[in-house]
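Input: a single structure, listed below in structure tokens.
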Amino acid sequence: VFFHGGGWQCGSGNRMFYGPDFLLDHDVVYVGANFRLGPLGFLSTEQEDCPGNNGLKDQNLVLRWIRDNIAAFGGDPDSVTIFGESAGGASGTYHMMSPMSK
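This is the structure:
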């Protein structure tokens, strides 16, 4: 799964900016994701039972969707690579550390 950059303020995972052209020549299933940005996505929710922010929670839902559905597209739910550009790369690191993303 690819998480786009943009400082968590702007950007999009659409093909205009980050297409799968290079990956089409390889045996991978590409998933590009969009998620909430700016204050709607990356201010703290301050919830004690589920801390964090909505942007990372959106990304977590993408990861859960992949786990539950990627086999229908020829993917392996037990072999998922998270990568991104700039803030999207940092998001991948946060998911590796988060117990919510296990």
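Going by my numbering, the sequence shown wraps up at 987, each residue one higher than the last.
Glycine residues also receive a C-beta, built at the ideal position from the N, C-alpha and C atoms.
Across the set Lys942, Ala956, Ala975, the C-alpha of Ala956 shows the shortest separation from the C-alpha of Val913.
Check the Cα spacing between Val916 and each of Lys987, Ser986, Met982, Asp961: the tightest is with Asp961. DSSP places Gly940 in the helix class (H, G or I) of the three-state scheme. DSSP lists Phe888 as the beta-bridge partner residues of Ala918. The alpha-carbon of Met901 is positioned some 38 Å away from that of Glu933. Burial of Trp893 is indicated by the presence of at least 16 other C-beta atoms within 10 angstroms of its C-beta.
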